[in-house]
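Residue numbers (my numbering): 29 to 392. Idealized CB from N, CA, C, for every residue including glycine. The structure presented is a predicted model; accordingly, all values stated were derived computationally and were not measured. The structure under discussion appears below in the form of structure tokens.
Rendered as structure tokens:
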């Protein structure tokens with residue numbers, strides 16, 4: 029992380045160039061991803077208007093920065109309050125700024141940047157990060173509007189106030205579409221927010237959406253809005269980060285939803301960056317047979333076993349690497365038992381980058 033504000037060379041008020049403007053010395057490698065956050069305020073506007081200021085050329089150089097081969101550069105301005113929307117900042121000022129609250133609310137700034145960088149990396153989210161809202165319906169159609177409707181409406185309203193795109197089956201399924209295939213497709217390509225209410229864990233389609241998302245290695249977060257009790261849970265909800273919906277306090281309802289969305293965007297960014305790190309692992313000679321962005325668990329290990337069991341027995345050992353933190357001792361033990369039941373003995377090694385590095389001498 030670099031900060032730029034003070035002059036770099038005598039006779040100029042412009043700061044030191046960023047690596048995307050000028051190469052780093054001594055042939056040091058540049059970053060795979062560069063996210064630049066210009067802070068546009070009244071003072072900067074006054075500075076760039078001065079004839080003697082080099083800030084204008086500096087900003088134009090950032091705006092025109094070319095992406096190095098195979099790398100990406102993103103520019104995401106933050107506009108301070110009371111900053112005039114004019115052409116004082118050149119091309120930088122014409123770029124879409126982060127959410128207006130980013131200049132005053134750190135959690136909004138973090139969410140906006142995380143989303144922007146995840147979209148900058150690309151796969152699988154594309155140009156706009158989509159949130160699949162997984163929820164259960166009421167018992168009967170004739171029931172009055174209830175807790176579930178109020179909570180889901182709040183979630184939709186919270187998403188509409190961000191740069192995120194929400195997918196809500198009732199509103200987004202189009203007439204004539206194969207609704208079953210469409211829901212599966214959306215769950216397999218979106219960040220999934222599971223709105224967990226009293227009956228959520230027992231509903232077949234909620235379980236199916238969770239399973240599709242997990243096996244597609246999508247980011248998942250649970251917003252726990254259980255109001256009275258759950259008659260049963262579901263192991264499909266295990267291994268998923270969770271945020272409590274603080275429904276008792278009206279002032280905390282909206283912040284708890286935003287907290288869940290922020291956590292989900294962070295998970296989406298982690299997934300996107302892990303995709304780049306897998307390429308780096310291959311360049312370093314670390315041959316991973318499977319590199320999921322979420323720690324393995326029985327429901328995700330089973331499809332891998334069905335596809336690779338014979339190869340594991342005949343060709344092992346296989347290396348499975350996932351992001352830190354590592355599995356707990358009992359979690360790892362349960363997975364080893366699952367491999368042993370499948371006839372794989374000491375042929376699969378599950379590690380994280382840190383645990384792998386701590387026991388190798390390959391320079392990784």
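Cα-Cα separation, residue 26 to residue 35: Missing from the structure shown is residue 26; the chain here goes from 29 to 392 and no further.
Residue 377 - DSSP class collapsed to helix/strand/coil: Of the three classes helix, strand and coil, the one that applies to residue 377 here is strand, per DSSP.
Segment limits, beta strand (DSSP E) that includes residue 224: Boundaries of the beta strand (DSSP E) around residue 224: 219 to 224.
Anticipated Cβ contact below 8 Å, residue 221 with residue 292, distance rounded: Between residue 292 and residue 221 the Cβ distance is about 6 Å, and since that is below 8 Å, they are a contact.
Local conformation of residue 63 per DSSP, three classes: Residue state, collapsed to three classes: strand.
The segment 176 to 192 in contact with the segment 321 to 332 per 3-pair CB rule at 8 Å: The segment 176 to 192 is not in contact with the segment 321 to 332.
contact_flag[the segment 217 to 231, the segment 244 to 251] where n(CB pairs < 8 Å) is 3 or more: Under the 8 Å Cβ criterion, the segment 217 to 231 counts as touching the segment 244 to 251, having at least three qualifying pairs.
Paired residues, beta bridge with residue 346 - DSSP: According to DSSP, which records beta bridges pairwise, residue 346 is partnered with 376.
Where residue 276 sits in the DSSP three-state scheme: Secondary structure of residue 276 (DSSP, three-state): coil.
DSSP beta-bridge partners of residue 194: In DSSP, residue 194 forms a bridge with 159.
Local conformation of residue 88 per DSSP, three classes: Reduced to three states, the DSSP call for residue 88 is helix.
Exposure of residue 62, with buried meaning 16 or more beta-carbon neighbours within 10 Å: With 16 or more other Cβ atoms within 10 Å, it is buried.
For residue 249, the first and last residue of its enclosing alpha helix (DSSP H): Counting along the chain, residue 249 sits inside no alpha helix (DSSP H); it lies in the beta strand (DSSP E) bounded by residues 248 to 252.
For residue 102, the first and last residue of its enclosing alpha helix (DSSP H): For residue 102, no alpha helix (DSSP H) run applies; the uninterrupted beta strand (DSSP E) run containing it begins and ends at 100 to 103, by DSSP.
Own chain residues within Cβ distance below 8 Å of residue 186, not counting five before or after: Cβ neighbours of residue 186 within its own chain (closer than 8 Å, five residues either side excluded): 282, 285, 286 and 289.
Length of the line joining the Cα atoms of residue 103 and residue 358: Cα-Cα distance, rounded: 44 Å.
Limits of the alpha helix (DSSP H) - the one that residue 233 falls within: 232 to 243 is the extent of the alpha helix (DSSP H) around residue 233.
Endpoints, alpha helix (DSSP H) assigned at residue 71: Residue 71 -> alpha helix (DSSP H) spans 70 to 77.
CA-to-CA distance, residue 305 to residue 57, given in whole angstroms: About 15 Å.
Contacts around residue 148, its chain only, beta-carbon distance under 8 Å, and the 5 residues preceding and following it disregarded: Answer for residue 148: 61, 63, 100 and 102, listed in chain order.
Residues near residue 227 by beta carbon distance below 6 Å, same chain, minus five either side: Excluding sequence positions up to five before and after residue 227, its CB lies within less than 6 Å of the CB of 164, all in the same chain and listed in chain order.
Any chain C beta carbon closer than 8 Å to residue 340: In the structure shown, chain C does not exist; there is a single protein chain.
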